[in-house]
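Q: Under our numbering, the first residue of the sequence shown carries the number 29, and numbering increases by one thereafter.
Can you keep this structure in mind? I'll have questions shortly.
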Amino acid sequence: MTDLEALKRAAAVAAAEEVRDGMILGLGTGSTVKHLLPAIAVRGLTGLRCVATSVATAEQAAALGIAVEDFDAVERLDLAIDGADQIAPDGWIVKGGGGAHVREKVVAAAADRFIVIADETKVVDKLTAPIPLELLAYGLPATLARLDPCDLRPGLPPSPDGGLIADYTGPVGDDPAALAALLSATPGVVDHGLFPPGLTSEIIVARLSGVERRLLR
Ligand code: 5RP
Numbered sequence: 029m030t031d032l033e034a035l036k037r038a039a040a041v042a043a044a045e046e047v048r049d050g051m052i053l054g055l056g057t058g059s060t061v062k063h064l065l066p067a068i069a070v071r072g073l074t075g076l077r078c079v080a081t082s083v084a085t086a087e088q089a090a091a092l093g094i095a096v097e098d099f100d101a102v103e104r105l106d107l108a109i110d111g112a113d114q115i116a117p118d119g120w121i122v123k124g125g126g127g128a129h130v131r132e133k134v135v136a137a138a139a140d141r142f143i144v145i146a147d148e149t150k151v152v153d154k155l156t157a158p159i160p161l162e163l164l165a166y167g168l169p170a171t172l173a174r175l176d177p178c179d180l181r182p183g184l185p186p187s188p189d190g191g192l193i194a195d196y197t198g199p200v201g202d203d204p205a206a207l208a209a210l211l212s213a214t215p216g217v218v219d220h221g222l223f224p225p226g227l228t229s230e231i232i233v234a235r236l237s238g239v240e241r242r243l244l245r
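Structure below.
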């Protein structure tokens, strides 16, 4: 295992320790979450109910014997755990490197606690583009023109909800909340990958020097 994979695993293992018997759990998406699922499975917890933010996560969970159900069947989650692409000092996070940010935000918002797990390369001084977007197919050229500069992400299929994955590549500026509000207010944008600090309960960052935990709420 490379150093980077070992760091992802360390963050994932620390978060897996937060999972308890009988919890309803939201499972994120990505290479860090790939380490989370076996770390949960090995604990042999009972009565765990899970929802997954992507088909890939649902398939890995099922292969590990972790029961996953439709999010239609669940109203609240006890805990959600997911990775991140960028983590700013003020707690703003960029997600959606895998194009799953819409489902990931829905799951995070439904959870009593949302834990973000990452290796130290995800910690940044300031958020920068690209900011992932999911766009409605209807009127796509007009939406892309309004968001300029913005590019459809090549090689990614539509999301499971039919949205197209794109990236806003313009300036983020010093106020992510302003950009988040602008993107949210743009017709045709399903949602964006900017996650405000208020959504996250804890950030677990694995560094070569050890695992760092930061409580946000
Ligand atoms: C997927 C995501 C991922 O959580 C994010 O891209 C981090 O992925 P990784 O753990 O592979 O670096 O938001 O949409």
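Cβ coordinates follow ideal geometry from the N, Cα and C atoms, glycine included.
Note that the structure is a prediction, hence the values are computed from the model and not measured.
Compute the minimum distance between the beta carbon of Val151 and the heavy atoms of ligand 1, and state whether it is under 7 Å.
A: no
Q: For the alpha helix (DSSP H) containing Asp31, list its first residue and its last residue.
A: Asp31 to Ala44
Q: With the cut-off set at 8 Å, would you say Pro158 and Tyr196 are in Cβ contact?
A: yes
Q: Does chain C have any CB closer than 8 Å to the CB of His63?
A: This model lacks chain C altogether; it includes just one protein chain.
Q: Just to confirm before moving on: does the CB-CB distance between Gly201 and Ala165 stay below 8 Å?
A: Result no, Cβ atoms of Gly201 and Ala165 do not sit closer than 8 Å.
Q: Taking Ala42 as the reference, which of Pro117, Asp153 and Ile68 has the closest Cα?
A: Minimum Cα distance to Ala42 is reached at Ile68.
Q: Kindly list the residues whose CB is nearer than 6 Å to the CB of Ala234, restricted to its own chain and excluding five residues on each side of it in sequence; keep chain order.
A: Leu35, Ala38, Ala39 and Asp147
Q: Let me check one thing: in DSSP terms, what residues is Tyr196 bridge-paired to?
A: Ile159 and Cys178
Q: Look up Gly226 in the DSSP assignment and say whether it is helix, strand or coil.
A: helix
Q: Nearest to Asp203 by alpha carbon, out of Leu184, Arg141 and Trp120?
A: Trp120
Q: List the whole-angstrom C-beta distance separating Ile231 from Ile115, where the pair is believed to meet the contact cut-off of C-beta under 8 Å.
A: 6 Å
Q: Bridge partners of Asp189, per DSSP?
A: Beta-bridge annotation (DSSP): Asp189 is not paired with any residue.
Q: Under a three-way DSSP split, which group does Leu210 fall into?
A: helix
Q: Just to confirm before moving on: does the CB-CB distance between Gly198 and Val122 stay below 8 Å?
A: no
Q: Report the three-state DSSP secondary structure of Ile94 (helix, strand or coil).
A: coil
Q: So the beta strand (DSSP E) Ala80 belongs to, where does it begin and stop?
A: Arg77 to Ala80
Q: Note down, in chain order, each residue of its chain lying with its Cβ closer than 7 Å to the Cβ of Glu103, except the 5 sequence neighbours on either side.
A: none
Q: From Ser237 to Thr85, what distance separates their C-alpha atoms?
A: Roughly 29 Å between the two C-alpha positions.
Q: Compute the distance between the beta-carbons of Gly127 and Pro177, then report whether it is under 8 Å.
A: no
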